[in-house]
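Heads up: the sequence shown at position 13 corresponds to 13 in full-length UniProt numbering, and the numbers run straight through without jumps. We put the CB at the ideal spot given by N, CA and C, even for glycine. Because the structure is a prediction, the values reported are computed rather than measured. One structure is given below, encoded as C-alpha cells.
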Amino acid sequence: MPHRFPLAIRLLHWTMALLIIAMLFIGAAMVSTASPAYASLIALHRPLGIAILLLAALRLVLRFATGAPPLPADLPRVQQRAARGAHILLYLAMIGLPLIGWAMLSAGGYPVRLTAGFVLPPIVPRDALAYGLLRQTHGLIAFAFFALILGHLTVALIHRFVRRDGVLETMGFARAAALDPELAEPEEADEPEVEPAETPGP
C-alpha cells in the first residue's frame with residue numbers, strides 16, 4: 001500500500017481546500033451584506049462553485065483509480081468507520097452543494113455566468129417554489145459542510161499532534177523517508193576514538 005496519496009490527489013486536496021475556504025467566507029459575506037459589493041461576491045461565488053464541482057469529480061475518479069493509504073492498524077474500528085463515513089459526506093457536500101446551487105439559480109431564472117461570454121445552461125425548469133426550497137437546502141448544507149470541515153481539521157490535528165501516527169503526513173509533501181523510518185538511510189556509525197598509546201619512560 002502507498003505511504004501517502006499520489007501527488008495529483010495531494011495537489012487537488014490543497015487547491016480545493018483554499019477554494020472551499022474562500023467560498024465559505026464569500027458565502028458568509030453574501031448573507032450578511034446588502035451593499036454594492038454583493039454583485040461582486042456573486043460573480044466570484046458562482047465560478048468558484050463550478051470549479052469545486054469539477055475538481056471534486058476529478059478527485060473522486062482519481063481516488064477510485066489509485067486507492068488510499070491504509071489507516072493506522074491500532075486505530076479503533078469505530079473510528080475507522082467514522083473516518084470513511086466523514087470522507088463520504090465531504091465528497092457528497094463538495095459535489096452536491098454546487099449542483100444544488102446551480103439548480104437553485106436555474107429554478108430562479110438566474111444565469112450561472114462563469115465569464116462575460118460563458119453562461120451555463122439551466123439544469124431545472126424555472127419554478128419559484130423549487131427556487132425557495134433549493135435556496136433553503138443550499139444554506140443548510142453549507143452550514144453542515146462548515147461543521148464537517150471543522151471536524152475534519154480537528155481530527156487531522158489530533159492525528160498530527162496527539163496520536164503522531166502519520167495520517168496527516170499522507171496528504172503532505174514530505175520525503176518518503178520522513179513518513180516511513182524504514183526508508184531512511186542508515187546513519188553512519190561514529191568511529192571510536194583511539195587514545196594514543198603511552199610511550200615508556202626512560
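Curious, which full-length beta strand (DSSP E) runs of at least 3 residues does the segment 96-135 contain? 112-115, 118-120, all fully within the segment 96-135.
Which stretch, first to last residue, makes up the alpha helix (DSSP H) that contains residue 27? Counting from 1 along the sequence shown, the entry for residue 27 is found at position 27. That run of the alpha helix (DSSP H) goes 7-32.
Buried or exposed for residue 123, please, with buried defined as at least 16 other CB atoms from any protein chain shown within 10 angstroms of its CB. Here residue 123 refers to the residue found at position 123 when the sequence shown is read from its first residue. Exposed, since its Cβ has fewer than 16 Cβ neighbours within 10 Å.
How many Å lie between residue 89 and residue 56 at the Cα? Counting from 1 along the sequence shown, the entry for residue 89 is found at position 89. Counting from 1 along the sequence shown, the entry for residue 56 is found at position 56. Roughly 12 angstroms separates the two Cα atoms.
From what residue to what residue does the alpha helix (DSSP H) around residue 47 run? The sequence position of residue 47 within the sequence shown is 47, counting from 1. Start and end: 37-66.
Alpha carbon to alpha carbon, what distance is there between residue 121 and residue 163? By one-based count along the sequence shown, residue 163 stands at place 163. By one-based count along the sequence shown, residue 121 stands at place 121. Their backbone Cα atoms lie some 48 angstroms apart in a straight line.
Taking one C-beta from the segment 75-82 and one from the segment 17-31 each time, how about it: are there three or more such pairs within less than 8 angstroms? Touching, no.
Residue 97 and residue 142 - do their beta-carbons sit closer together than 8 angstroms? For the purposes of this step, residue 142 is taken as the residue at position 142 of the sequence shown. For the purposes of this step, residue 97 is taken as the residue at position 97 of the sequence shown. Result yes, Cβ atoms of residue 142 and residue 97 sit closer than 8 angstroms.
Going by Cα to Cα distance, which pick from 42, 173, 65, 36 is closest to residue 102? Position 102 of the sequence shown, counted from the start, is the residue given in the question as residue 102. Residue 42 holds the alpha-carbon nearest to the alpha-carbon of residue 102 among 42, 173, 65, 36.
Quick check on this structure: which residue in 128, 125, 39 has the alpha carbon closest to the alpha carbon of residue 26? In the sequence shown, residue 26 corresponds to position 26, counting from 1. The shortest C-alpha separation from residue 26 is found at 39.
Do you know whose CA, among 71, 46, 85, lies nearest residue 166's CA? For the purposes of this step, residue 166 is identified with residue 166 of the sequence shown, where counting begins at 1. For the residues 71, 46, 85, the minimum Cα distance to residue 166 belongs to 71.
Could you check if residue 66 is buried or exposed, using at least 16 other CB atoms within 10 Å of its CB as the buried criterion? Reading the sequence shown from its first residue, position 66 is the one you call residue 66. So residue 66 counts as exposed.
Since residue 53 contacts residue 99 with CB under 8 angstroms, what's their CB separation in whole angstroms? In the sequence shown, residue 53 corresponds to position 53, counting from 1. In the sequence shown, residue 99 corresponds to position 99, counting from 1. Right, the Cβ-Cβ distance comes to about 7 angstroms (below 8 angstroms), so this counts as a contact.
Cα-Cα separation, residue 126 to residue 104: Working through the sequence shown from its first residue, we reach residue 126 at position 126. Working through the sequence shown from its first residue, we reach residue 104 at position 104. Spanning the two alpha carbons is a distance of roughly 9 angstroms.
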